[in-house]
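Below you'll find the structure, written out as structure tokens, and then a few comments.
In the numbering used here, the protein residues as written are 43 to 186.
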């Protein structure tokens with residue numbers, strides 16, 4: 043996953059940055075909107091994977107404790123209610139994307155979000171705490 047899919051987003055971002063610089067140098071500003079969309083897609087894929095790699099753990103899978111557990115209880119009522127809501131967020135993404143548990147610093151609460159096609163259609167300036175990759179490439183090998 044890391045050397046294939048994640049690396050593709052990094053290469054895509056780097057290639058697009060080069061194309062943006064070339065378009066600016068040539069004065070081809072009409073192509074910049076499309077290139078910026080491509081850049082956003084690739085940077086979001088890279089950023090989401092960076093967070094995802096950091097939260098993976100071979101010892102994971104248990105209920106959270108401490109401040110995170112308290113914040114989940116406050117925002118969702120209980121861990122079980124959060125888990126049900128998060129599962130609904132993850133399993134109802136139309137197409138590809140990510141399910142996110144994020145901190146909303148303005149509302150000072152945890153929220154769940156769907157990141158379709160991993161464009162950062164986030165409520166700004168939220169901070170992702172937990173991400174689940176629900177792109178087909180994340181699970182297709184288990185079901186071929």
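Note that the Cβ used here is the ideal one computed from N, Cα and C, for glycine as well.
Treat the numbers as computed from the prediction; the structure is a model and nothing was measured.
Return the residue from the list the options that minimises the CA-CA distance to residue i.
i	options	result
residue 59	67, 81, 72, 68	81
residue 113	98, 76, 153, 57	153
residue 144	156, 130, 170	170
residue 175	118, 133, 150	133
residue 116	140, 100, 151	151
residue 155	108, 90, 74, 49	90
residue 48	79, 92, 71	92
residue 109	102, 103, 121	121
residue 136	103, 106, 158	158
Taking only three categories from DSSP, how would you classify residue i?
i	result
residue 136	coil
residue 174	strand
residue 50	helix
residue 168	coil
residue 146	strand
Below 6 angstroms CB to CB, which residues in the same chain sit around residue i once its five sequence neighbours on both sides are set aside?
i	result
residue 85	55
residue 62	77
residue 131	141, 154, 156
residue 73	65
For residue i, I'd like the list of residues in its chain whose CB is within less than 7 angstroms of its CB, leaving aside the five on either flank, ordered along the chain.
i	result
residue 118	124, 127
residue 94	173, 175
residue 66	none
residue 50	none
Which same chain residues, not among the five before or five after residue i, have their C-beta less than 8 angstroms away from its C-beta?
i	result
residue 52	84, 88
residue 71	65
Determine the burial state of residue i: buried for a count of at least 16 other Cβ atoms within 10 Å of its Cβ, exposed for fewer.
i	result
residue 168	buried
residue 77	buried
residue 129	exposed
residue 98	exposed
residue 139	buried
Can we count residue i as close to the ligand FMN, meaning its CB is less than 7 angstroms from some heavy atom?
i	result
residue 168	Only the bare structure without any ligand can be found here, which leaves the ligand FMN out of the picture.
Curious, which full-length alpha helix (DSSP H) runs of at least 4 residues does the stretch 81-134 contain? Counting only runs of 4 or more, we get 108-118, 121-133.
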